Amino acid sequence: MLASPALKPRSKGYSETLNLPRTDFPMRADLVRREPERLAQWERQEMYRQIRASRANRPRFVLHDGPPFANGDVHIGTALNKILKDVIVKYQTLAGQDAPYVPGWDCHGLPIEFKVTQNMRQKEEETVDAAEIRRRCEAYARKYIDLQRNQFRRLGIFGDWDEPYLTLNKAYEAEELELFADIVAKGLVYRGKKPVYWSIPCRTALAEAEVEYREHRCQSIYVKMPLVDSPGMFVVIWTTTPWTLPANLAVAYHPEKNYSQVLAGEETYLVLTSLLDDLSETFGWNNFEIMKTLEGSQMEGLTYRHPFCERTGRLYPAKFVEDSAGTGFVHIAPGHGLEDYGLGMEQGLPIYSPISDDGRLATTGELPLEEQFGSELAGKSILEKAGTSEANRAVLELLRSRDMLLHEASYTHSYPHCWRSKTPVVFRAMDQWFIGIDRQGFRDRALAEIDRVDWIPDWGKNRIEAAVRSRPDWCISRQRTWGVPIPVFYDSEGQPILEVEVIRNTAALVREQGTNVWFEWDVERLWRRVRPAAWSGAEPARKSSDTLDVWIDSGSSSRAVTMRNPALQAGRDGEREDFVADLYLEGSDQHRGWFQSSLLLSLAGNGAAPFRAVLTHGFMVDGEREKISKSGAKGKPQTAESYIKQYGADVLRLWVASQDFRNDIVVSSDRIRKVGETYRAIRNALRFQLSNLFDYDPERDRVAEGELSRLDRWILGRLGEVERAVLEAYERYEFHVVYQKLSQFVTVDLSATFHDAVKDRLYTLAAGDPKRRSTQTALHRLVSRLSQLLSPILVFTADETWECLPGTRATPSVHVSRLEPGAFRLEPDEERQWQELFRLRHQVLQRLEEKRKAGTIGKSTEAAVVLRTESSLTEALAEWGEDLREMLNVSLVEFVAGDDAGNEIELNGRTVAVDADALITVLPSGDCGLSKCARCWRWEADVGEQEAHPDLCSRCVAVVTA
RNA sequence: GGGCCUGUAGCUCAGCUGGUUAGAGCACACGCUUGAUAAGCGUGGGGUCACUGGUUCGAACCCAGUCAGGCCCA
């Protein structure tokens, strides 16, 4: 049956007569090694400049970059953010827009200052002056900017890397101060005393964003407050911060809840009725008697003696008093808590905060000295070590000695901690600068602006709205060194000099010299320079040492960057407000961060939001869908670089694109590796297409659209559908849809179907055969279009593909190319026939597989297929001839009428049995009078008809002898 | 504790305003091929749509609650 090896025709000779694929486009991408080479090439070509030039006078699309903090390696989450931005910028460019990208860095702030001062402490350097600390901070920031810039570039992100915006640039700082002056001029800035989060080790007030909640074990105490007019009777308060008791000025009760007067032992106590059971157990009251029940309102006007200071306080009603914990009476220290502060302001109490900057108890001028605490407490530190502090111990000691401590226990709860020093923060009233959110209807105007912006996803609007609605006044001063100074002076009375003209003059000075001048020059010199010409107010005695909140820095970027950088200015449309960007794109945490600070500052300065649309992405979680910590406590830190070194930037970018980034994003090496499989599938398909275009010159060989073969029309029709879906997905920022559509098109339509069907004609027909050229025309269109559609994501591979395209191209890089609209569409009739074909094809493939399992055939060309026509559609397919044979990839397709009763038919002079019941009969090719052609490997009836070529079919003979 | 959001095959995603046995691709298994070959093709198995109730003739889709997770607050 089988020919012996000696007789087997030598196919080697014929393969040289075939148009076998060839290409320089390697199968193995070797991205890790080769991407940097392409990067260097782009560098030489000044690709970003070229792209911008190619889009001169086109409508602009401005994506304004949110500045990452200039500290550490690029985290995988930051890489995701930048990649998403780059995909958008590249897509907009592809669509023909001028889409500039100016990256930025946030340079000031506590983390850098903390590192720098920590280093100095470790080296036991003597106290260095502020200007020197700032110089070191700048050096530190610049070091990481360089580091991160290289890492971002390595990701294939195009942008103005030579001139990024830095919040430490002189011009930036000057604009920021100008904006500050505007806000001051509008009367939004005021000075006030307010409890702020205070970090003792860092000696600074902290922003809301700078505290993190952690479980904290503290001392929970119940304290007796003796009532003045009722000897032996006490209200009982509960606190977890004993050190705030010296600052106690009042006690709050709930006006609408009931209280019980309880006799236990010798003494009488007042507590909330609903908590009595719990409390009696806690206090170990075995025998107690409820004397009577009081309504909350009956507490009004009661006064108590401070448990250890020589003063009295009053009881006040407050709705915030809880009935689920505590005693129903709340210890109020207006200088040490937000609710306490609110009540204190309402009742006209002093905002008393007897704490020094270094966290020690210290008397103040707020109360007469004799009413304050004594020497037992003075100077005691409140900084906790191992769950307690000097001050807490001293307060407890004092309470015990006066028999005012009812009960003591330890208690664990979630408590704010300093994000850097990880120590519990304290609430402390201080003089600070604020932006009054409710001044001049500012909050309402902000809410109105929020309504005008397009928030994507739409629930983002709920978030920022809630954040703006509920936010307190913005504390904008920091007692830090590494930041933009607040240009304020103080006179000899300590009264602040906050003057718009002074601020503007300072801004002008900063534009020349940078902000370090504020720290380097003494008061006299500074004042000489910035003093308003017609100054008649008090002369300054000292300059402010406060800096602006870093959220003012980054939040000023629409003013300092979008509005000032000519590259980001309005395009031809001229309707764009010069400070409004088309898009901001950051993680969803920025609803309370940068989006909000940018919105508020732009509104204050320019009267409108700085963005038209705001897109947010979720956060990275690990394989168990739990958050991954930036410090890498749970394994090694997740740096972008570690993934690039393993997979290359294109695979990482493809992975980013594959994720629905609006939700949490699960990152694991394994998942990225899996996306690498998809990458290979795409790459191989591109390679197949390129390799079959080795002898194709589009100018010479292109086949007109109307002359394309049926298969080619079909695949271009599919390409058109996919292209429309892909472009729509890009427009909607749904890159995972782009990924799905393109990867499935590549695997299903191209690799498994089209490429497979078209091999025979590509390889075996004469090079210039119109049918072959038709398919090459389709392949050329496919590969160039795919290269473009992929280019926002696979930046390196798409460009490499573009380079390998035959023929001269208008543009040297896919990234400069423009996607011309105009996708091919099939006629409805044609479309229906194709649907029918695929239905039929699937059934045929199932039958073939059965035969294969039975060992009757191997590859499908070893089979012939007999089909019964069952409908007009199948009949239409009968007209397809060679096209149908190629799509089924069998050696022969024969149709018999559906009602043909016979179950035997003639094929090439052989009688073969046809399954009477089935629509499809599969037969081995050899049984149907066919033999295998040594050149094209198809089974044909006419093999050997030409004597000169006994092992060839006549089709091949014609090609070989041509 | 509050606000916002998420939970569909091992993985990544579809599933339109509730309507026949929940769909793709990848991965997996088993074959085929060796002229895309550190490739390619075929067939196949795999989901009580987080869980529990409810509304409805009918729910992955609507409602309530629970659980798990995320972001932001307290």
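The first sequence begins at 51 in the numbering used here and counts up one residue at a time. All C-beta atoms, glycine included, are put in the ideal place defined by N, C-alpha and C. In this text the structure is predicted, and so the values were computed from the model without any measurement.
Among the options, which has the Cα closest to the Cα of residue i?
{"i": "Pro281", "options": "His266, Leu320, Ala149", "result": "Leu320"}
{"i": "Ser607", "options": "Ser708, Leu777, Phe629", "result": "Phe629"}
{"i": "Gly122", "options": "Tyr303, Phe484, Arg703, Asp196", "result": "Asp196"}
{"i": "Pro276", "options": "Arg760, Ala735, Thr362, Gly857", "result": "Thr362"}
{"i": "Phe888", "options": "Phe804, Ser841, Val239, Thr906", "result": "Phe804"}
{"i": "Leu702", "options": "Ala807, Arg721, Asn713, Gln563", "result": "Arg721"}
{"i": "Pro871", "options": "His786, Glu778, Pro161, Gln893", "result": "Glu778"}
{"i": "Glu636", "options": "Pro507, Tyr240, Val573, Gln996", "result": "Pro507"}
{"i": "Trp524", "options": "Phe119, Ile233, Cys268, Gln688", "result": "Ile233"}
{"i": "Leu417", "options": "His667, Ala255, Glu360, Arg450", "result": "Glu360"}
{"i": "Gly351", "options": "Leu598, Asp279, Ser834", "result": "Asp279"}
{"i": "Ser324", "options": "Leu800, Phe874, Glu317, Gln311", "result": "Gln311"}
{"i": "Met670", "options": "Lys593, Arg94, Arg110, Gly127", "result": "Gly127"}
{"i": "Arg253", "options": "Gly409, Thr67, Val706", "result": "Gly409"}
{"i": "Gln1014", "options": "Leu446, Ser652, Glu96", "result": "Here the chain comprises residues numbered 51 to 1012, so residue 1014 is not present and cannot be evaluated."}
{"i": "Val27", "options": "Thr67, Arg495, Lys132", "result": "Coverage of the chain is limited to positions 51 through 1012, which leaves residue 27 absent and any answer about it impossible."}
{"i": "Gly394", "options": "Asp407, Glu691, Arg662, Val380", "result": "Val380"}
Between which two residues does the beta strand (DSSP E) holding residue i run?
{"i": "Pro276", "result": "261–276"}
{"i": "Gln422", "result": "Element bounds for Gln422: n/a, residue is neither H nor E."}
{"i": "Cys468", "result": "455–468"}
{"i": "Glu636", "result": "631–637"}
{"i": "Asn308", "result": "308–314"}
{"i": "Phe569", "result": "Segment 566–570 is the alpha helix (DSSP H) holding Phe569; no beta strand (DSSP E) there."}
{"i": "His805", "result": "Per DSSP, His805 belongs to no beta strand (DSSP E); it is in the alpha helix (DSSP H), 805–814."}
Please confirm whether residue i and residue j have their CB atoms less than 9 Å apart.
{"i": "Pro660", "j": "Ala631", "result": "yes"}
{"i": "Leu743", "j": "Gln826", "result": "yes"}
{"i": "Tyr391", "j": "Ala297", "result": "no"}
{"i": "Val915", "j": "Leu957", "result": "no"}
{"i": "Phe795", "j": "Arg768", "result": "yes"}
{"i": "Asp603", "j": "Asp156", "result": "yes"}
{"i": "Val137", "j": "Ala149", "result": "no"}
{"i": "Val560", "j": "Val567", "result": "yes"}
{"i": "Leu449", "j": "Leu295", "result": "yes"}
{"i": "Val600", "j": "Arg528", "result": "yes"}
{"i": "Trp483", "j": "Ile536", "result": "yes"}
{"i": "Thr217", "j": "Pro117", "result": "yes"}
{"i": "Val993", "j": "Cys983", "result": "yes"}
{"i": "Thr847", "j": "Ser793", "result": "no"}
{"i": "Ala302", "j": "Trp335", "result": "no"}
{"i": "Pro292", "j": "Met349", "result": "no"}
{"i": "Tyr789", "j": "Ser708", "result": "yes"}
{"i": "Arg642", "j": "Arg723", "result": "no"}
{"i": "Ala699", "j": "Leu81", "result": "yes"}
{"i": "Val1009", "j": "Ala816", "result": "yes"}
Can you tell me where the alpha helix (DSSP H) holding residue i begins and where it ends?
{"i": "Met97", "result": "97–104"}
{"i": "His304", "result": "Premise fails: His304 is in no alpha helix (DSSP H) and is neither H nor E."}
{"i": "Glu781", "result": "760–781"}
{"i": "Asp327", "result": "326–333"}
{"i": "Ala1008", "result": "1004–1011"}
So if DSSP puts residue i in a beta bridge, which residue, or which two residues, is it bridged to?
{"i": "Lys982", "result": "Trp989"}
{"i": "Cys525", "result": "Phe484"}
{"i": "Tyr215", "result": "Gly154"}
{"i": "Tyr240", "result": "Phe484"}
{"i": "Ala479", "result": "Pro245"}
{"i": "Trp505", "result": "Val664"}
{"i": "His125", "result": "Thr689"}
{"i": "His114", "result": "Tyr634"}
{"i": "Thr289", "result": "Ile271"}
field: Unbroken stretches of the alpha helix (DSSP H), 4 residues or longer, contained in the stretch 677–737
entry: 690–697, 699–708
In chain order, each alpha helix (DSSP H) run of at least 4 residues that lies wholly inside the stretch 838–897: 845–854
message: So within the stretch 527–612, which uninterrupted beta strand (DSSP E) runs reach at least 3 residues, ignoring any that extend past its ends?
response: 539–541, 590–593
- request: Could I get the ranges of all uninterrupted beta strand (DSSP E) runs contained in the stretch 359–384, with 3 residues as the minimum, in chain order?
  value: 362–367, 379–382
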